[in-house]
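Following this note's numbering, the numbering of the sequence shown begins with 9 at its first residue and continues without gaps.
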Amino acid sequence: MRLRDLVDSAELGLLLVTGQAGLDREVRSVMVTDLPEPSRYLRGGELVVTGLLWRASSDLRRHASSGPVRAAATDVGSEDADDAASASAASAERFVAAVAEGHAAAIAAGDTTDEELPPDLVAACTRHNVPLLHVPGRLSFAELSEWFSRRTSELRAHDTGELLARHRRLLGAGARRGVSGILELIAAESGLEGLLISAAGDVLVEPGMTVVPQLVHVLTREAVRTAALPERRVEYRGESYSVFTVSGDSPTPVDDWYVVFEGDSRNWPPQRRDVARGAARLLSAERQWLAEAREPLRQLGQDLAQLVAQEGPVAEIVARLRPVGLSAVDGLRVVAVTVEGNNPAIRVLRALIDDPQGTKPLPAAALPDGRAVGIVGEPKDDGDAVERLTARLKAIGPALGLDRVRVGVSDLVTTATALPAAVREAGYALGLAARDRERLRVAGHTDLATHEALLAHVPDELRAGYVNRLLGPLRAHDDRHHAALEETLDVFLQCSGSWSRCAAQLHIHVNTLRYRIARIAELTGRDPTRLEDQVDLFLALRAR
């Protein structure tokens with residue numbers, strides 16, 4: 009029911025005091041309260057009915073009354089009256105702000121009289137864009153609640169037949185053409201053209217609206233950021249979009265989908281909004297059906313991934329590639345994932361490499377050591393895999409909470425015999441990514457041709473001893489004299505041994521820098537100006 013329906017009812021006699029622009033808001037329920045701050049009990053769409061008992065001084069709102077009340081007000085000093093007025097305005101501001109925060113539809117206020125509502129309440133409602141209705145003295149709050157319940161029941165009964173018929177047509181569309189069929193029928197019947205995207209930024213169904221990559225990025229980012237909500241509004245370049253969650257089977261939103269419609273659903277008629285919400289529910293059901301249909305094949309993909317990870321017989325690997333729709337000749341790549349946190353590594357891996365609407369089994373498996381390993385078919389000219397996976401990982405990053413995710417990517421291989429080596433290479437890249445301090449990190453085979461790759465596979469005990477032998481004397485000296493020798497050495501090597509650039513970056517004189525470098529040479533036995541010694545010191549700094 010819209011707010012306009014209540015105002016237009018002669019039976020109720022409600023008077024709109026402020027908020028003409030909000031008359032098309034949907035009213036979902038009636039809540040009677042006199043709590044000073046009711047926001048914690050609001051879920052959105054309520055008509056908040058109040059008798060104003062929360063006001064600091066209810067007498068002040070009777071500004072037009074006479075008799076004993078006026079006489080009493082006259083006896084109060086002007087300063088006390090000002091304080092009371094300020095308190096009343098503050099209580100009105102607090103109440104209305106709480107109602108606005110709870111996304112209620114409107115406030116209906118009144119008591120047993122027909123006196124005008126307090127000006128401070130009217131002003132607060134205007135500031136917060138909350139429609140304010142005056143309840144006549146003849147209408148009890150119980151009568152208002154009963155009228156609303158009766159009227160909404162009648163409306164629901166009237167729409168039941170139409171809704172059931174539409175539901176049958178939509179289910180039929182799903183059975184025939186999947187998620188695209190559902191959205192096409194919704195567009196044909198209601199004019200709502202839906203864009204379907206995944207949490208990783210995949211465009212699954214593209215409607216008639218203009219879809220640019222930046223729009224998809226913004227929609228995905230905001231949807232994942234507010235994943236706890238079933239629906240949200242997103243602004244992009246002055247246009248509003250309503251985004252509804254199409255849930256998957258995960259307790260976390262890493263593999264959620266989102267259906268997007270142009271416009272702000274808060275301003276839609278109730279029937280249009282119901283269609284959008286129903287679309288999200290039907291798409292969720294269709295998703296579940298697709299997942300269940302694919303489930304019997306999942307074991308095939310899991311067995312292949314485990315076989316490759318265990319370096320099984322090549323002939324058996326070749327035999328298992330075809331049933332999962334892969335061919336080594338077309339190009340294969342191995343991706344390995346570890347997660348420190350709540351999300352299972354296998355779920356994150358699927359979000360990164362699986363085709364959301366795929367019908368083939370995904371060759372992916374969770375290994376006993378905590379890794380998840382997957383095999384993806386990839387054309388030789390398909391661009392930078394590390395860059396692509398990094399973008400997808402960042403897209404689902406907000407859904408991962410504080411989890412630390414590391415991803416290792418192998419080089420492209422074109423023979424089945426090279427797959428076990430590709431698994432090892434992805435593992436090496438994974439170890440390199442694990443040394444990075446960033447929360448989300450993807451490393452590829454090209455990163456293995458660096459000193460970081462060598463350091464990543466040096467045993468911890470050996471690396472710690474190497475660092476202590478070279479940098480230990482500097483740290484001990486810095487602890488005693490606060491000379492910043494370790495920092496100076498790091499900056500000096502980063503500046504490729506340039507005296508002037510290093511001194512400028514450290515904000516010291518060149519002569520001071522020369523003294524520090526000489527002191528470093530004395531303490532470490534390495535000359536920071538010689539290439540061979542620079543290599544030793546640089547590796548010690550990077551092995552910290």
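Heads up, the beta-carbon is just placed ideally off N, CA and C, and yes, glycines get one too.
Task: Exposed unless 16 or more other CB atoms sit within 10 angstroms - verdict on D1 - done: With the chain represented from 9 up to 552, any question about residue 1 goes unanswered, as that position is not in the structure.
TODO: Using 10 angstroms around the beta-carbon of W297, count the other beta-carbons present and answer buried if the total reaches 16, otherwise exposed.
DONE: Counting Cβ neighbours within 10 Å, W297 comes out exposed, since fewer than 16 surround it.
- [ ] Quick one: using the 10 Å Cβ neighbour count with 16 as the cut-off for buried, is P369 buried or exposed?
- [x] buried
Open item on the list: DSSP has E243 in a bridge; who is on the other side?
Closed with: S248
Open item on the list: Could you compute how far the alpha carbon of A451 sits from the alpha carbon of A399?
Closed with: 13 Å
Task: Assigned exposure category for N351 - 16 Cβ within 10 Å defines buried - done: Residue environment: N351 is assigned as buried (16 or more neighbouring CB atoms within 10 Å of its CB, all protein chains considered).
TODO: Would you grab the beta carbon distance between A207 and I361 for me? Rounded to a whole angstrom, and I think it's under 8 Å.
DONE: So it is not a contact: roughly 14 Å between Cβ atoms.
- [ ] Could you spell out the range, first to last residue, of the alpha helix (DSSP H) harbouring I528?
- [x] V518 to T532
Task: Expected contact under 8 Å - CB spacing of L191 and L22 to nearest Å - done: Incorrect: roughly 39 Å between the Cβ atoms, too far for contact.
Open item on the list: Between W155, L334 and P364, which has its C-alpha nearest V213's C-alpha?
Closed with: P364
TODO: Rounded to whole angstroms, what's the CA-CA distance from E460 to V343? Just pull it up for me.
DONE: 20 Å
Open item on the list: By DSSP's criteria, R412 is part of a beta bridge. Which residues make up the other side?
Closed with: E348
Open item on the list: At the level of alpha carbons, what is the spacing between V316 and G382?
Closed with: Separation of V316 and G382 (C-alpha to C-alpha, rounded to the nearest whole angstrom) is 10 Å.
Task: Beta-bridge pairing of S206 - partner residues as DSSP gives them - done: W265
Open item on the list: Closer than 8 Å is the cut-off here; do at least three beta carbon pairs connect the stretch 413-421 with the stretch 222-230?
Closed with: no
Task: Start and end residues, beta strand (DSSP E) containing H142 - done: L140 to H142
Task: Same chain, Cβ closer than 8 Å to V211, five either side skipped, listed in chain order - done: L203, L204, I205, V219 and V224
Task: Cβ-Cβ separation, R295 to W276 (assumed contact under 8 Å), whole Å - done: In fact, because the Cβ distance is near 24 Å, the residues do not count as touching under 8 Å.
Task: Limits of the beta strand (DSSP E) - the one that G118 falls within - done: No beta strand (DSSP E) contains G118, which DSSP labels as neither H nor E.
- [ ] Please indicate yes or no: does the CB of V421 lie closer than 6 Å to some heavy atom of the ligand GTP?
- [x] You won't find the ligand GTP in this model; it holds no ligand whatsoever.
Task: Residue environment, V56, which counts as buried when at least 16 other CB atoms sit within 10 Å - done: buried
TODO: Select from V107, G435 and D498 the residue whose C-alpha is nearest the C-alpha of L545.
DONE: D498
Open item on the list: Helix, strand or coil, according to DSSP, for A236 in the structure here?
Closed with: Coil at A236, not helix or strand.
Open item on the list: Within a Cβ cutoff of 6 Å, which residues of the same chain sit near A288, ignoring the five residues on either side of it in sequence?
Closed with: F252, V254 and V267
TODO: Using 10 angstroms around the beta-carbon of T26, count the other beta-carbons present and answer buried if the total reaches 16, otherwise exposed.
DONE: buried
Task: A374, enclosing beta strand (DSSP E) - first and last residue - done: Per DSSP, A374 is one residue of the beta strand (DSSP E) stretching across A372 to A374.
Open item on the list: So, under 8 Å CB-CB, H111 and G30 are touching, yes? Tell me the CB distance rounded to an integer number of Å.
Closed with: The pair is not a contact, with the Cβ atoms about 12 Å apart (cut-off 8 Å).
Task: Buried or exposed by the 16-neighbour rule on C-beta atoms within 10 Å, applied to P536 - done: buried
TODO: Indicate whether V35 and L11 have their beta-carbon atoms separated by less than 7 Å.
DONE: yes
Open item on the list: Would A548 and L438 qualify as a contact pair, given that the criterion is a beta-carbon distance under 7 Å?
Closed with: Contact flag unset, no.
TODO: State the DSSP-derived secondary structure class of S99, mapped to helix, strand or coil.
DONE: helix
Open item on the list: Taking the alpha helix (DSSP H) that T398 belongs to, which residues open and close that run?
Closed with: A393 to I404
TODO: Just confirm the distance between the C-beta atoms of V415 and A442, as a whole number of angstroms; I'd bet it's less than 8 Å.
DONE: Separation of the CB atoms of V415 and A442 is rounded to 10 Å, and the pair is thereby denied contact status at 8 Å.
TODO: Quick one: grab the DSSP three-state call for R302.
DONE: Of the three classes helix, strand and coil, the one that applies to R302 here is helix, per DSSP.
- [ ] Throw me the rounded Cβ distance for the D128 and A97 pair, which I believe falls under 8 Å.
- [x] A Cβ-Cβ separation of about 4 Å places D128 in contact with A97 under the 8 Å criterion.
Task: contact_flag[the stretch 99-118, the stretch 128-138] where n(CB pairs < 8 Å) is 3 or more - done: The stretch 99-118 is in contact with the stretch 128-138.
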